[in-house]
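S.K.: First the structure, which I've put down as structure tokens, then a few questions once you've had a look.
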Amino acid sequence: MTSIEFSLADIREAARRFLDAFGDKKCFAFYGAMGAGKTTFIKAVCEALGVQKTVTSPTFALVNEYDAGKNGTVYHFDFYRIRRPEEVFDFGCEEYFASGNYCFVEWAEKAEIVLPQDICKVTVEETAGGWRKIMLLETTENRK
Numbered sequence: 035m036t037s038i039e040f041s042l043a044d045i046r047e048a049a050r051r052f053l054d055a056f057g058d059k060k061c062f063a064f065y066g067a068m069g070a071g072k073t074t075f076i077k078a079v080c081e082a083l084g085v086q087k088t089v090t091s092p093t094f095a096l097v098n099e100y101d102a103g104k105n106g107t108v109y110h111f112d113f114y115r116i117r118r119p120e121e122v123f124d125f126g127c128e129e130y131f132a133s134g135n136y137c138f139v140e141w142a143e144k145a146e147i148v149l150p151q152d153i154c155k156v157t158v159e160e161t162a163g164g165w166r167k168i169m170l171l172e173t174t175e176n177r178k
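In this note's numbering, the protein residues as written are 35 to 178.
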């Protein structure tokens, strides 16, 4: 299991380590309690990818799109407000996931049935002293 621990002071370095650890993986489902730091970490990863625009939580829009220069487009989803998993089909989530671009999904547990099978499942949790821990839960490769 891949694990990265960091403080908010070194979140940018943790974001680079995260991208290095997952190589060519591009779709990530983030799990964690409210306030664990999912959005904050995704913002840092977007910056590491080259996103220049301010990254905000797409809580009401469900998905935000960012230009990451040579790294293509980044899609940031927030399913917190989803009541039924089928709601994400209404905005064409399958097309986003199949695009080959980076996709970061917060509150993925709200719509697990629509997530691609090869998505990397990642937890974010707060540890002692306000540190955060990112852990890879599962990918297609380690389900076999």
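Even for Gly, the Cβ is constructed at its ideal location relative to N, Cα and C.
1) What is the DSSP secondary structure of V85, reduced to helix, strand or coil?
2) Just to confirm, is the Cβ distance from D152 to C80 under 8 Å?
3) Mapping the DSSP letters down to three states, classify L53 as helix, strand or coil.
4) Whole beta strand (DSSP E) runs in the region 71-145 with 3 or more residues, listed along the chain?
5) Who are the near neighbours of V213 in its chain, counting only those whose CB is closer than 7 Å to its CB and skipping five residues on each side?
6) Considering only the beta carbon of each residue, do R46 and I38 sit closer than 8 Å?
7) If you reduce the DSSP assignment to three classes, tell me which class A179 lands in.
8) Do three or more CB pairs link the region 151-166 to the region 91-101 at distances below 8 Å?
9) Could you spell out where the beta strand (DSSP E) holding I38 opens and where it closes?
M.R.: According to the structure shown:
1) Looking at V85 - three-state DSSP - the assignment turns out to be coil, as it is neither helix nor strand.
2) no
3) helix
4) 97-101, 107-112, 136-140
5) Any answer about residue 213 is impossible in this case: the structure gives the chain only from 35 up to 178.
6) Going by beta carbons, R46 and I38 fall outside the 8 Å limit.
7) Since the first residue shown for the chain is 35 and the last is 178, residue 179 is missing from the structure and cannot be characterised.
8) no
9) Run containing I38: 37-40, per the beta strand (DSSP E) assignment.
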